[in-house]
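Notes follow the structure.
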Amino acid sequence: AFNFQFDLPWLVSACPGLKSVEHLMVVVGYSSKPAPFVEQAAHIGLGGRVSHHAVALPIAYGSHHTKAFLVEFKAGLRVIITSGNFIHCDFNYKTQSIWWQDFPPKDFGSESSSPFEDDLCDYLAALKLPDQAASQLQQLVAHHDLSSARGALVASVPGFHFGPKLNKYGHMRVRRLLSKEPLPGPDWRTASQLVMQCSSMGSLSDKWLLQEELAVSLMSSAARGFVPSVRPSEALASPLPLNRVHLVWPTVQEVRNSLEGWAAGLSVPAPSKNVDRPFLHPLYAAWGGQPSGRMRASPHIKSYTRFLGHQVAWVMTGSHNVSMAAWGQLQAKKGQGVGLSIRSYELSMLFTPRNEAAYRQHRHHSFCCHPMPGQGLPTCTTQQQEQVQFWTMEHELGRQTDQGAGFAGTNASDTVEGVVRVMLPLPYSLPPQRYTGQDQPWMVDAQHEGLDLLGNASNRP
Numbered sequence: 007a008f009n010f011q012f013d014l015p016w017l018v019s020a021c022p023g024l025k026s027v028e029h030l031m032v033v034v035g036y037s038s039k040p041a042p043f044v045e046q047a048a049h050i051g052l053g054g055r056v057s058h059h060a061v062a063l064p065i066a067y068g069s070h071h072t073k074a075f076l077v078e079f080k081a082g083l084r085v086i087i088t089s090g091n092f093i094h095c096d097f098n099y100k101t102q103s104i105w106w107q108d109f110p111p112k113d114f115g116s117e118s119s120s121p122f123e124d125d126l127c128d129y130l131a132a133l134k135l136p137d138q139a140a141s142q143l144q145q146l147v148a149h150h151d152l153s154s155a156r157g158a159l160v161a162s163v164p165g166f167h168f169g170p171k172l173n174k175y176g177h178m179r180v181r182r183l184l185s186k187e188p189l190p191g192p193d194w195r196t197a198s199q200l201v202m203q204c205s206s207m208g209s210l211s212d213k214w215l216l217q218e219e220l221a222v223s224l225m226s227s228a229a230r231g232f233v234p235s236v237r238p239s240e241a242l243a244s245p246l247p248l249n250r251v252h253l254v255w256p257t258v259q260e261v262r263n264s265l266e267g268w269a270a271g272l273s274v275p276a277p278s279k280n281v282d283r284p285f286l287h288p289l290y291a292a293w294g295g296q297p298s299g300r301m302r303a304s305p306h307i308k309s310y311t312r313f314l315g316h317q318v319a320w321v322m323t324g325s326h327n328v329s330m331a332a333w334g335q336l337q338a339k340k341g342q343g344v345g346l347s348i349r350s351y352e353l354s355m356l357f358t359p360r361n362e363a364a365y366r367q368h369r370h371h372s373f374c375c376h377p378m379p380g381q382g383l384p385t386c387t388t389q390q391q392e393q394v395q396f397w398t399m400e401h402e403l404g405r406q407t408d409q410g411a412g413f414a415g416t417n418a419s420d421t422v423e424g425v426v427r428v429m430l431p432l433p434y435s436l437p438p439q440r441y442t443g444q445d446q447p448w449m450v451d452a453q454h455e456g457l458d459l460l461g462n463a464s465n466r467p
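Okay, so the sequence shown: first residue is 7 according to this note's numbering, each after it adds one.
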């Protein structure tokens, strides 16, 4: 289990199956002390079966922010990547994302490795865990066939990454991946829009966010090809219009009216010096939450997507907030050239129609470590790879209702004229609702007047 924050007793209460595990490995940041974990493990009956490993953070202001699980079952391996800390309030009162997929053991038909396996093993090695723990994790992953991964892993690892490692992590990894992905149509290059949604913001500049780095990476596509970092100003033929960029960030009223009231704002910890920047204000859009019925569940999810109308080119979610510490900043160093400087450990997943189509054709698609009674082994339904499109679930459910068809099945997809339309459960509307004149962005260090819905003041002790 990898995370920024752990409440072990709560985690076991929420996942009672952990009480019977042979071994629980906890990986946290360097500042975390092992004593509380040892004491808590003994108190809840896991004494001697919990090991604690603190990851070194070599660069100031970095963190081990990854939120993930590797769970070994007799039948296979489950990989889980989420946006939530393993604490009570994160999974009971907030909006989070969770991706998980089960993978079977390798057999005679498996390749020796796969891109997803290589990327995951590379990230685990970068943690620099003690030899025994590192070996256990590497062997666990290597024993399973991860070639059916439904998306691509996007990792961030602290350090200055240059040369062949320049495009391996952070936003340059995203730039490389998206440069291979075709856009759904000819209008997308000039008309599509970008959403960046997060629960924390670093100290941003207009140059880094919009002109040369993050937005350039997120707006990459096969139509443009890969844009090398050495000339980032050439990435966009012209500056990305502000009306095509949405930074989804909760308003003061959304925090005040949330399930936790003002207390929810402590988990949206960006200070005014980061939030109240003039170039950011035209980008702000409210959280909303209406499509998922999560208007009052404060967002702790982190998500990114490119869209046109109700169709989505790709979606990415995981632990990455909008910050240079998470995504990295391009810098030039004497003798090393241009490199990407990253401060924190992060893990996210990028999902594209092309990856989804390959998954649906894979012999291990729908594999589950714990299949339902009577459920047989998965079989490929077609010999030819299907065309896949991503659409918002809000739009697709409305379309099906208009046609007199209800939502059926758990695959959240429908086939229209030979095209598989996959419904994405985005928690906010596309396009997100821009701030009105009365809206103010939440700033954790600002003074907020009045009582929240729970009757509490924002400045109470």
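Beta carbons are placed, not taken as given, at the ideal position from N, Cα and C, and that holds for glycine.
Distance between residue j and residue i (C-alpha atoms, nearest Å)
i: residue 342; j: residue 445; result: 46 angstroms
i: residue 33; j: residue 421; result: 42 angstroms
i: residue 156; j: residue 70; result: 25 angstroms
i: residue 202; j: residue 53; result: 42 angstroms
i: residue 393; j: residue 145; result: 35 angstroms
i: residue 252; j: residue 136; result: 42 angstroms
i: residue 293; j: residue 270; result: 13 angstroms
i: residue 448; j: residue 86; result: 30 angstroms
i: residue 113; j: residue 143; result: 19 angstroms
i: residue 451; j: residue 261; result: 14 angstroms
i: residue 356; j: residue 49; result: 39 angstroms
i: residue 124; j: residue 98; result: 34 angstroms
i: residue 228; j: residue 181; result: 10 angstroms
i: residue 174; j: residue 129; result: 10 angstroms
i: residue 20; j: residue 141; result: 29 angstroms
i: residue 405; j: residue 75; result: 36 angstroms
i: residue 344; j: residue 131; result: 24 angstroms
i: residue 133; j: residue 66; result: 16 angstroms
i: residue 335; j: residue 46; result: 39 angstroms
i: residue 277; j: residue 210; result: 12 angstroms
i: residue 68; j: residue 192; result: 40 angstroms
i: residue 402; j: residue 419; result: 9 angstroms
Opposing strand residues paired with residue i [DSSP bridges]
i: residue 72; result: Per DSSP, none; premise fails for residue 72.
i: residue 42; result: DSSP output for residue 42 lists no bridge partner at all.
i: residue 347; result: 166, 335
i: residue 203; result: 254, 309
i: residue 421; result: 426
i: residue 161; result: 353
i: residue 8; result: 33, 74
i: residue 60; result: 34
i: residue 111; result: 150
i: residue 373; result: For residue 373, which the question treats as bridged, DSSP gives no partner whatsoever.
i: residue 447; result: 257
i: residue 85; result: 76, 107
Distance between beta carbons of residue j and residue i, contact taken as under 8 angstroms
i: residue 100; j: residue 435; result: Incorrect: roughly 19 angstroms between the Cβ atoms, too far for contact.
i: residue 163; j: residue 179; result: Incorrect: roughly 10 angstroms between the Cβ atoms, too far for contact.
i: residue 35; j: residue 60; result: 7 angstroms
i: residue 263; j: residue 302; result: 6 angstroms
i: residue 312; j: residue 205; result: Wrong, their Cβ atoms sit about 20 angstroms apart, outside the cutoff.
i: residue 316; j: residue 397; result: 6 angstroms
i: residue 256; j: residue 281; result: Actually they do not touch by this definition, with Cβ atoms about 11 angstroms apart.
i: residue 338; j: residue 440; result: The pair is not a contact, with the Cβ atoms about 37 angstroms apart (cut-off 8 angstroms).
i: residue 58; j: residue 43; result: 4 angstroms
i: residue 289; j: residue 248; result: 6 angstroms
i: residue 437; j: residue 254; result: Between residue 254 and residue 437 the Cβ distance is about 10 angstroms, and since that is not below 8 angstroms, they are no contact.
i: residue 170; j: residue 370; result: Not a contact, Cβ separation roughly 30 angstroms.
i: residue 453; j: residue 427; result: Actually they are not in contact, since the Cβ atoms of residue 453 and residue 427 sit about 47 angstroms apart, beyond 8 angstroms.
From the options, residue whose alpha carbon lies closest to that of residue i
i: residue 108; options: 126, 128, 79; result: 79
i: residue 127; options: 111, 113, 110, 150; result: 150
i: residue 377; options: 82, 191, 441; result: 82
i: residue 367; options: 259, 153, 441, 355; result: 153
i: residue 215; options: 455, 188, 177, 185; result: 177
i: residue 165; options: 349, 443, 455; result: 349
i: residue 16; options: 131, 211, 427, 96; result: 96
i: residue 352; options: 76, 183, 72; result: 72
i: residue 139; options: 56, 185, 191, 442; result: 56
i: residue 106; options: 210, 226, 374, 455; result: 374
i: residue 218; options: 279, 196, 365, 246; result: 246
i: residue 226; options: 258, 442, 183, 51; result: 183
i: residue 456; options: 259, 403, 31, 209; result: 259
i: residue 309; options: 94, 62, 103, 346; result: 103
i: residue 31; options: 168, 266, 64, 77; result: 77
i: residue 172; options: 363, 399, 372, 346; result: 346
Short CB-CB distance (under 8 angstroms) between residue i and chain C
i: residue 430; result: You won't find chain C in this structure, because it holds only one protein chain.
Q) Would you call the region 422-441 and the region 293-311 in contact, with 3 or more CB pairs under 8 angstroms? A) Here the region 422-441 makes contact with the region 293-311; the two share three or more CB pairs at distances below 8 angstroms.
Q: Could you tell me whether the region 284-291 touches the region 317-332, where touching means 3 or more Cβ pairs closer than 8 angstroms?
A: Verdict: no, contact absent.
Q: Spell out a yes or no on whether the region 214-227 and the region 114-127 are touching, meaning 3 or more CB-CB pairs, one atom from each, closer than 8 angstroms.
A: Too few Cβ pairs lie closer than 8 angstroms, so no.
Q. Is the region 313-327 close to the region 453-462, with three or more CB pairs under 8 angstroms?
A. Cβ pair count under 8 angstroms is below three, so no.
**Q.** Stretch pair the region 88-99 + the region 7-16: three plus CB contacts closer than 8 angstroms
**A.** Cβ pair count under 8 angstroms is three or more, so yes.
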